[in-house]
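Each remark here refers to the structure printed beneath this line.
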Amino acid sequence: MSERETWTSRVGFILAAVGSAVGLGNIWSFPFQTATNGGAAFLVVYLVAVFLIGFPVMLGEFVIGRRSERNAVEAFRALGFGEWSIVGGLGVLSSFVTLAFYSVVGGWVLSYIVGSVTGGYLGDAGAYFGTVSAGPIAVAAHAVFMALTVAIVALGVTDGIERATKLMVPAIFVLMGGLAVWVSTLDGAGEGYAYYLSPDVGVITGDLAGIVPPAVGQAFFTLSLGFGAMIAYSSYLGRDDSLPADGSAIVVVNTLVALLAGFVVFPVLFAIEGSIPESGGAGTAFTALAGAFSQIPGGRAIGLGFFIVLLLAALSSSISLLEVSTSFVADRTGYDRVPTAVGLGVLVALVGIPTALDTGVLGWYNDVVFNLLLPLSVLFISLFVGWVADDQLAAELNLGSSFGNGFSTVWLWWIRIVIPVAIGGTLLLGIQSLLVKAGVLAAPIVLG
Ligand code: PHE
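In the numbering used here, the protein residues as written are 1 to 448.
Given below as structure tokens:
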């Protein structure tokens, strides 16, 4: 087996992890989840979930990865708890299913880059979405997106992932920042800011079941938790890095990008449509934004910039999703990275084809991941860190950290008690919502 790689620098790791975290979740789903789930009220719940639930769980994945220096599955065995490998297996499965539809949406982004250049969506934004979102074009674009992902992962951790994310992450910031400034000059932008930034507390208390599961699910998804991605990335990390410091940087930067995306999307939508679109379906972001871009001065250029940002963000995330199974297979079998990444990429692409043919199927993959696989994996990971693994993990958190023993003690108890209760509740609400959607339950039983 070849020598295991490590990141060449601390910044390299942070940027790769930020690249994983910042993705379609921040720029595509976050503004629209916010819009359809009560505006600023959703924002408040989401921020609480990111900092109080997501951040501690991220540290949990970091200690598992760095302590074991293994991929998500073997990590548990290397720490001495082989039976828990199944939790890592659940992560690999989830990353696989997620990548299958994530890549299809990545393909849509490619089509919208083409559409910004050719002017394809200018006439009828809805019709354009219909053509590119499902059917042969969607399958082809999905294949291209997967090929790009495979190419970067095949190059390896330092030459592929680290180098690519070092370029992509700063580019995302510069382009998004530029877009946010540009759209602030549009007439009507002010109403967009007002909508985005004024919380309606009544909405949080009124529809808890409606807001909490998507907000918590979104918090995990956006931080790339539960799939073993952060376990895999931190397994290439040196002992002198401070995990709490790196984790805080990653969480803060990821949150800033999501917030920034709102500063681009809401002014554009209010300037043109005067309101935000009602349904939050997968396509709303694309049709609403493309419709708006086609009407504002310089809109095509803004659109091109926006969809390029989206592509960079999606790619820097999809490589981490593919890295989960690639590192597992490569560590386990000793196969070379290149054939491993290519083989797995082809498999994922095949699994994604049904979602490229029917946006309804895509919605199902998405719902199963958000409501079931994600909370389940995170629940098991926190139970493992809190109750099963011995003190070695809390000690690992202290290595290289200047946050002190007090921090790791609070963290451990938080992960033992608060997190399982919070996630357990979310999981029940999530399963309930899946059953309601599938027609098994006629109406919600709790917190309806
Ligand atoms: N965090 C990514 C996003 O917001 C998605 C992702 C989830 C990537 C899990 C890797 C692992 O788009």
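Glycine included, each C-beta is placed from N, C-alpha and C at the ideal position. All values derive from a computational prediction rather than experimental measurement.
Grouping DSSP H, G and I as helix and E and B as strand, with all else coil, what is residue i?
i	result
residue 395	helix
residue 128	helix
residue 66	helix
residue 414	helix
residue 81	coil
residue 182	helix
residue 371	helix
residue 7	coil
residue 1	Any reading at residue 1 must be qualified, since the residue scores a pLDDT of 42, below 50, and its modelled position is unreliable; the value itself is stated next. Coil, per DSSP.
residue 170	helix
residue 403	coil
residue 390	coil
residue 150	helix
residue 56	helix
residue 357	helix
residue 379	helix
residue 156	coil
residue 195	helix
What number of angstroms, rounded off, separates the C-alpha of residue i from the C-alpha of residue j?
i	j	result
residue 394	residue 409	7 Å
residue 113	residue 141	11 Å
residue 115	residue 145	16 Å
residue 346	residue 19	23 Å
residue 149	residue 322	8 Å
residue 293	residue 373	36 Å
residue 324	residue 89	10 Å
residue 176	residue 411	34 Å
residue 251	residue 391	25 Å
residue 70	residue 34	36 Å
residue 10	residue 126	44 Å
residue 433	residue 43	21 Å
residue 275	residue 87	43 Å
residue 180	residue 271	13 Å
residue 198	residue 27	20 Å
residue 32	residue 334	43 Å
residue 76	residue 67	10 Å
residue 101	residue 16	22 Å
residue 53	residue 380	14 Å
Quick check: is any heavy atom of the ligand HEM less than 6 Å from the C-beta of residue i?
i	result
residue 376	Looking for the ligand HEM in the displayed structure turns up nothing; the ligands present are the ligand PHE.
TODO: Give, in chain order, every unbroken run of the alpha helix (DSSP H) that is at least 4 residues long and sits entirely within the segment 84-146.
DONE: The DSSP assignment places complete alpha helix (DSSP H) segments of no fewer than 4 residues inside the segment 84-146 at 85-118, 125-133, in order along the chain.
TODO: Counting only runs of 4+ residues fully inside the segment 228-314, write out the alpha helix (DSSP H) ranges in chain order.
DONE: For the segment 228-314, the full-length alpha helix (DSSP H) segments reaching 4 residues or more read 229-234, 243-272, 284-293 along the chain.
Task: 3 or more residues per run - each beta strand (DSSP E) lying fully within the segment 9-45 - done: The segment 9-45 is shown to contain no whole beta strand (DSSP E) run of 3 or more residues.
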